[in-house]
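> The sequence shown begins at 11 in the working numbering and counts up one residue at a time.
C-beta: ideal position from N, C-alpha, C; glycine also.
These numbers were taken from a predicted model, which means no experiment stands behind them.
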Amino acid sequence: MSVEDEAPPDDLSFIGFNQDATSLAVGGIFGYRLYSTKRIEKFDVVYENYTNISLEKTRNIVHLVFAELFSIIHIERLFSSSLLMIVSTQAPRKLRIYHFQKNNEICAQSYTNTVLAVKVNRDVRFKYMVVCLENIIYIHTVKDMKVSFLVSSFSRFDRVCNKFFIICIKLACVSSFAKADVFPVIHTIRDTPLNASGVIDLSSTVNSYLAYPGSVSSGHVQLFDVSRLSSMSAIAAHTSPLGALRFSFDSKMLATASVRGTVIRVFSTESGNRLYEFTRGIKRFVTIYSLAFSMDGDYLCSSSNTETVHVFKLEKAVDAQNPNEGEEGWVDYLSKQASSYLPTHMNDFLMRGKSFVIAKLPAVGKRNATALPVINGKLHLLVATTDGIAYVYEVEPEVAELTLLRQHKINFKV
11 MSVEDEAPPD DLSFIGFNQD ATSLAVGGIF GYRLYSTKRI EKFDVVYENY TNISLEKTRN
71 IVHLVFAELF SIIHIERLFS SSLLMIVSTQ APRKLRIYHF QKNNEICAQS YTNTVLAVKV
131 NRDVRFKYMV VCLENIIYIH TVKDMKVSFL VSSFSRFDRV CNKFFIICIK LACVSSFAKA
191 DVFPVIHTIR DTPLNASGVI DLSSTVNSYL AYPGSVSSGH VQLFDVSRLS SMSAIAAHTS
251 PLGALRFSFD SKMLATASVR GTVIRVFSTE SGNRLYEFTR GIKRFVTIYS LAFSMDGDYL
311 CSSSNTETVH VFKLEKAVDA QNPNEGEEGW VDYLSKQASS YLPTHMNDFL MRGKSFVIAK
371 LPAVGKRNAT ALPVINGKLH LLVATTDGIA YVYEVEPEVA ELTLLRQHKI NFKV
């Protein structure tokens with residue numbers, strides 16, 4: 011998740027989890043860092059590329075080629091691999107693809123406008139990368155990871171300064187030798203509705219489904235099958251424009267929220283039918299920052315510009331032929347049968363679920379990203395914020411509000 015407005019020097023400009031929430035990427039004006047989230051006691055640093063130079067000095071060297079290694083506004087990592095897709099403020103129209111273990115830039119792809127979002131996945135047969143501009147979407151396939159010329163990157167700014175001329179020569183060589191077919195464009199979706207916030211999502215595995223806004227005035231979602239390069243169904247998700255989209259890990263469900271942020275809906279990607287509807291709140295409109303499913307698809311969380319993070323439980327639908335023998339099963343079954351006789355707006359209101367549990371963030375107003383990984387056999391809620399703090403909660407079904415277990419520093423301050 012990138013920050014739309016210019017972030018203060020001490021804040022991060024990007025925070026985001028990888029596809030299975032085993033890694034957290036953070037970026038800022040001084041570079042970027044990758045953390046492992048496999049231990050709640052500590053988020054270990056997997057890789058870092060940053061400098062401690064002053065902000066004033068950074069502004070003085072932004073015209074240099076290697077300044078594009080800093081001022082990060084987007085990082086996408088392919089699961090736990092060494093493959094990174096990076097966009098910086100110094101070159102917002104250029105996507106750089108790195109192999110961080112080998113310190114190699116595989117290639118750099120330039121576009122006609124600012125890159126607003128990048129998504130990458132690993133399908134059964136192929137890996138796909140989707141790049142979103144304001145009114146166009148490019149679909150790439152990942153083929154050969156080899157490059158013809160290798161360049162070592164320097165993680166410390168003083169080393170870069172000492173070898174500036176060598177770096178310029180080598181970067182020029184990379185531009186000449188990097189093969190254009192490493193990440194070839196296999197399809198282009200042109201003239202999409204204006205999408206200034208880069209609201210898209212790409213399913214992680216199994217099926218390569220792409221979701222993006224189908225309208226600028228309403229919350230219509232357009233689904234696209236990347237592996238078959240064909241359009242799927244369109245879903246009328248909300249009356250207001252879309253604010254957030256997220257696929258479940260198995261790609262069978264799609265969670266949506268509008269720019270109002272009061273209602274979260276979950277749809278079937280196969281049929282387009284609405285499966286669940288949850289109310290986050292009706293007293294005020296909010297900006298949804300993040301939606302995230304648990305790996306098994308049983309839970310969904312949402313965060314916003316308020317202090318509350320909501321966790322919803324996706325209860326399995328009651329079988330109309332064999333409702334549960336318990337009282338709650340029959341009540342749910344009869345409620346659903348009765349709802350078919352109610353007006354649509356009343357039915358929508360009555361059938362909305364509420365938060366399963368909530369978590370309270372110590373700070374309010376900072377952009378954040380969420381995840382629901384299983385760590386040490388237990389479901390946890392992770393919330394990373396742009397002020398450089400990651401919060402860890404254990405999801406306990408018997409409580410109404412989750413207890414903060416740990417908080418980890420994830421910024422570049424010494």
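Report the CB separation of Ala-265 from Leu-301 in whole angstroms; it is logged as a contact under 8 Å.
5 Å
> Cβ of Ile-96 within 7 Å of any heavy atom in the ligand ADP?
Annotation note on the ligand ADP: not contained in the displayed structure, which lists no ligands.
> Arg-166 by DSSP, collapsed to three states: which one?
Any reading at Arg-166 is ruled out, since the residue's pLDDT is 38, under 50, leaving its predicted position unreliable.
> So, helix, strand or coil for Val-125, using DSSP?
The three-state reading of DSSP puts Val-125 in coil, since its state is none of H, G, I, E or B.
> Consult DSSP for Lys-189 and reduce its assignment to one of helix, strand or coil.
Only weak support exists for where Lys-189 lies, its pLDDT of 46 falling under 50; the value from the coordinates is given anyway. Looking at Lys-189 - three-state DSSP - the assignment turns out to be coil, as it is neither helix nor strand.
> Within this structure, are the beta carbons of Ser-314 and Phe-257 separated by less than 8 Å?
no
> Let's test the definition: count the other Cβ atoms within 10 Å of the Cβ of Ser-218 and tell me whether it reaches 16, buried, or not, exposed.
buried
> Looking at the structure shown, is Val-216 part of a helix, part of a strand, or coil, going by DSSP?
coil
> Between Ile-82, Tyr-108, Thr-395, which has its C-alpha nearest Thr-99's C-alpha?
Ile-82
> For Gly-229, write down the residues that DSSP places opposite it in a beta bridge.
His-248
> So, at 8 Å on beta carbons, what are the nonlocal neighbours of Ser-365 in its own chain, with the 5 sequence-adjacent residues on each side left out?
Result list for Ser-365: Phe-288, Arg-290, His-320, Val-321, Phe-322, in chain order.
> So what's Ile-420 in DSSP terms, helix, strand or just coil?
coil
> Do you know whose CA, among Pro-251, Lys-137, Val-231, lies nearest Val-195's CA?
Lys-137
> For Thr-272 and Phe-295, which I take to be in contact (beta-carbon distance under 8 Å), what is that distance rounded to the nearest angstrom?
7 Å
> Any idea what DSSP makes of Thr-47, helix, strand or coil?
For Thr-47, the three-state secondary structure derived from DSSP is coil.
> Alpha carbon to alpha carbon, how far is Asp-397 from Val-36? Give it in angstroms, no decimals.
Taking the straight line joining both Cα atoms gives about 11 Å.
> Considering Glu-115, what are the terminal residues of the beta strand (DSSP E) in which it resides?
Counting along the chain, Glu-115 sits inside the beta strand (DSSP E) bounded by residues 114-120.
> Over what stretch of residues does the beta strand (DSSP E) that includes Ser-378 continue unbroken?
Per the sequence shown, the amino acid found at residue 378 is Asn instead of Ser. Looking at the DSSP string, the run of the beta strand (DSSP E) that includes Asn-378 is 378-381.
> Beta strand (DSSP E) containing Thr-289: first to last residue?
Secondary structure note for Thr-289: its beta strand (DSSP E) is the uninterrupted segment 284-289.
> Any idea what DSSP makes of Arg-238, helix, strand or coil?
coil
> Could you have a look at Asp-30 and say whether DSSP puts it in helix, strand or coil?
Coil, per DSSP.
> Quick one: give me the first and last residue of the beta strand (DSSP E) that Ile-96 is part of.
Segment 93-98, the beta strand (DSSP E) holding Ile-96.
> Between the beta-carbon of Phe-89 and the beta-carbon of Ala-379, is there less than 8 Å?
no
> Using DSSP's beta-bridge definition, name the partner residues of Thr-202.
Per DSSP, none; premise fails for Thr-202.
> Let me make sure I understand the geometry here. Which of Leu-324, Asp-260, Ser-261, Met-305 has the alpha-carbon closest to that of Leu-285?
Leu-324
> Find out if the Cβ-Cβ distance for the pair Val-367, Ala-410 is shorter than 8 Å.
yes
> Out of Val-236, Pro-203, Ser-241, which has the shortest C-alpha to C-alpha gap to Gly-229?
Pro-203
> With a cut-off of 8 Å, does the C-beta of Ala-373 fall near any C-beta of chain C?
The structure shown contains no chain C; it holds only a single protein chain.
> For Thr-272, which three-state DSSP category applies?
Thr-272 falls in the coil class under three-state DSSP.
> Work out the CA separation of Ile-420 and Ile-25 for me, nearest whole Å.
10 Å
> Please determine, among Lys-52, Ala-381, Leu-239, Val-130, the residue with the shortest C-alpha to C-alpha distance to Asp-306.
Ala-381
> Can you give the beta carbon distance from Val-231 to Ala-247, rounded, assuming they're within the 8 Å contact cut?
About 5 Å; that satisfies the 8 Å criterion.
> Would you mind working out which of Arg-132, Thr-124, Thr-151 sits nearest Cys-142, comparing C-alpha positions?
Thr-124
> Rounded to the nearest angstrom, how far is the Cβ of Ser-92 from that of Phe-80, given a contact under 8 Å?
Contact flag wrong, Cβ pair sits at about 20 Å.
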